[in-house]
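Numbering-wise, the working numbering puts 273 at position 259 of the sequence shown, and it's gapless, one number per residue.
All C-beta atoms, glycine included, are put in the ideal place defined by N, C-alpha and C.
Predicted model only: the values in this text are computed from it and were never measured.
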Amino acid sequence: MESTLAELEKSSLEEIAKASTIEELEAIRVRVAGRKGGALAEISKGMGKLVPEERARIGKLLNQAKDSVERAIEAKKKLIDNEALAKRLDSEWLDLTLPASGVKPGSLHPLTQIRYELEDLFRSMGFAVLDGPEVEDEYHNFDALNIPSDHPARDMQDTFWLDGGFLLRTHTSPVQVRGMEHYPPPLRMIAPGRVFRNESVDASHEHTFYQLEGMMIDRDVSVGHLIYFMQTLLAAVFRREVKVRLRPGFFPFVEPGFELDIGCLICNGAGCAVCKHSGWVELLPCGLVNPNVLRMSRIDPDKWSGFAFGLGLTRLVMMRYAINDIRLLQSGDLRFLNQF
Ligand code: DAH
């Protein structure tokens, strides 16, 4: 019995040493140390025939053998577990110090960049930045700006009309009116925004483009103030000297009205599609606010006066970055946008 036991223990330990999976070990455990039908249990069945002293001795040996087999199984299980873990750590290894694969964060559209710059500039000079609706009513887009329904100026702007007397605003000037309605003078405001014209599209015309409206109302505002602010604006945008010329211009909401042109920066005055081969680009129509406009918004023109301007933001962007086709700006073409 003793030798059978020693034999069994030895062969079991060898099997355990060879086993490579948890399942194999479990099978060995059941076969050797299982309570029912295990080899050790079978051996113990023969113990009844032994004399008491022998029984005690063999019983002890049995327990020792059982112990040693079970301990060997546990130790081997741990080893297998550790090996599996090590393997996983090896294969799932991650180097946190590696640089991330380049995610390009994108950039602001050049129109947005210039808009932000101008908003900062005008805020620093005490102007509020106002917003207005893109779907306007006739009153704010035309009447309140001294453009009556039979006035030829309404034809100057080919309008997208909507139902019920509404329209897509043809300029940002209606925000002047909304500003005057909301804030009593003195008033300094700008209003950047999108405007719409029913025009055929080419390199220098779009049906949708951007303007930046400005207005200042105070005591004794003169053309001198107007020129000062326009020069400040242009110096900030171009950061270099640009040729400017002032021509009389007609807009029903200003009197006198001017066209401020800048020398074309695309062709440096030689003539190109953007400046329609004139060497000059209309950039900044402006003037002193027509007293009728003040009156309609319940501001007394005997006490207050003001200037206004309507900067062509889209054109300004084109001049600053020498973009020769207005259609690029709304093309959504990443090859174009990635340059900014
Ligand atoms: N609203 C005019 C347009 O889009 C531009 C304009 C001209 C705005 C003169 C003004 C201004 O504020 O004083 O054609």
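| said: Distance check for L39 and K101, CA to CA, integer angstroms please. | reply: By 1-based counting over the sequence shown, the position of residue 101 is 87. By 1-based counting over the sequence shown, the position of residue 39 is 25. Cα to Cα, K101 sits roughly 20 Å from L39.
| request: Determine the closest residue to G326 out of E296, L342, N306 and I87, with distance taken between C-alpha atoms. | output: Residue 326 sits at position 312 when you count from the first residue of the sequence shown. Nearest C-alpha to G326: E296.
| Delimiting residues of the alpha helix (DSSP H) encompassing Y197 | To locate residue 197, count along the sequence shown from 1; it is residue 183. First-last for Y197: undefined, no H or E at that position.
| said: Taking 7 Å as the threshold (C-beta atoms), are L22 and A53 in contact? | reply: As a first step, residue 53 is located in the sequence shown; it is residue number 39 there, counting from the start. As a first step, residue 22 is located in the sequence shown; it is residue number 8 there, counting from the start. Result yes, Cβ atoms of A53 and L22 sit closer than 7 Å.
| field | Unbroken beta strand (DSSP E) run spanning P270, endpoints | value | Translated into positions along the sequence shown, residue 270 becomes position 256. Taken as a continuous stretch (DSSP letters only), the beta strand (DSSP E) holding P270 covers V268 to G277.
| request: Could you tell me which of V83, L103, L122 and L201 sits nearest to Q353, measuring between CA atoms? | output: Along the sequence shown, one-based indexing puts residue 353 at 339. Nearest option by C-alpha distance: L122.
| request: In the DSSP assignment, find the unbroken beta strand (DSSP E) run with M139 in it and report its ends. | output: If you number the sequence shown from 1, residue 139 lands on position 125. Premise fails: M139 is in no beta strand (DSSP E) and is neither H nor E.
| What does DSSP give as the partner residues of P262 in its beta bridges? | Along the sequence shown, one-based indexing puts residue 262 at 248. Answer is F272, bridged to P262.
| task | With hydrogens ignored, establish whether the beta-carbon of V268 is closer than 6 Å to any heavy atom of the ligand DAH. | result | On the sequence shown, residue 268 is found 254 positions in, with the first residue counted as 1. Flag set: Cβ of V268 near the ligand DAH.
| query | When DSSP labels each residue in this structure, what does A322 get in the three-state scheme? | reply | For the purposes of this step, residue 322 is taken as residue 308 along the sequence shown, with counting starting at 1. Note: A322 maps to strand in three-state DSSP.
| query | Where does I57 sit, in a helix, a strand or coil, going by DSSP? | reply | Taking the first residue of the sequence shown as position 1, residue 57 is located at position 43. DSSP places I57 in helix when its eight states are reduced to three.
| field | T184 beta carbon less than 7 Å from that of R211 | value | In the sequence shown, residue 211 corresponds to position 197, counting from 1. In the sequence shown, residue 184 corresponds to position 170, counting from 1. Yes, the Cβ-Cβ distance between R211 and T184 is below 7 Å.
| message | Taking the alpha carbon of M244 as the reference point, which residue from K118, D275, S292 and F264 has its own alpha carbon closest? | response | Within the sequence shown, numbered from 1, the residue matching residue 244 stands at position 230. Minimum Cα distance to M244 is reached at D275.
| V215 burial status per 10 Å Cβ neighbour count (16 or more: buried) | For the purposes of this step, residue 215 is identified with residue 201 of the sequence shown, where counting begins at 1. Exposed, because fewer than 16 other Cβ atoms sit within 10 Å of the Cβ of V215.
| I204 and F141 closer than 7 Å at C-beta | The residue you call residue 204 lines up with position 190 of the sequence shown. The residue you call residue 141 lines up with position 127 of the sequence shown. Their beta carbons are under 7 Å apart, which means I204 touches F141 by this criterion.
| task | Name the two residues that bound the continuous beta strand (DSSP E) containing Q225. | result | Your numbering for residue 225 matches position 211 in the sequence shown. Where Q225 is concerned, the enclosing beta strand (DSSP E) stretches over T222 to D232.
| Given M332, which residues of its chain have a CB within under 7 Å of its CB, disregarding the five upstream and five downstream residues? | By one-based count along the sequence shown, residue 332 stands at place 318. These residues qualify, in order along the chain: V288 and I340.
| Among the residues of its own chain, which have a CB less than 8 Å from the CB of I72, if the five just before and after it don't count? | Counting from one through the sequence shown, the residue named residue 72 turns up at place 58. Closer than 8 Å at Cβ, skipping near neighbours: M15, E16, L19, M61 and L64.
| message | Let me check understanding here. Comparing Cα to Cα, which of L240, N160, E67 and K80 lies closest to P305? | response | For the purposes of this step, residue 305 is identified with residue 291 of the sequence shown, where counting begins at 1. Nearest of L240, N160, E67 and K80 to P305, Cα basis: N160.
| Of the residues A55, L226 and F267, the one placed nearest L247, counting alpha carbons only | Your numbering for residue 247 matches position 233 in the sequence shown. Per the Cα distances, L226.
| Just to confirm, does A250 get its C-beta within under 6 Å of one of the non-hydrogen atoms of the ligand DAH? | Here residue 250 refers to the residue found at position 236 when the sequence shown is read from its first residue. Flag unset: Cβ of A250 not near the ligand DAH.
| field | Nearest-angstrom Cα separation, counted from A114 out to A89 | value | Residue 89 sits at position 75 when you count from the first residue of the sequence shown. Residue 114 sits at position 100 when you count from the first residue of the sequence shown. Cα to Cα, A89 sits roughly 42 Å from A114.
| DSSP puts W175 in a beta bridge; with which residues? | Numbered from its first residue, the sequence shown carries residue 175 at position 161. DSSP output for W175 lists L181 as bridge partner(s).
| So is T111 buried or exposed if we call it buried at 16+ other beta carbons inside 10 Å? | Stepping through the sequence shown from its first residue, residue 111 is reached at position 97. Exposed.
| said: By alpha-carbon positions, which one of G146, H154 and E28 ends up nearest to V83? | reply: Reading the sequence shown from its first residue, position 69 is the one you call residue 83. Per the Cα distances, E28.
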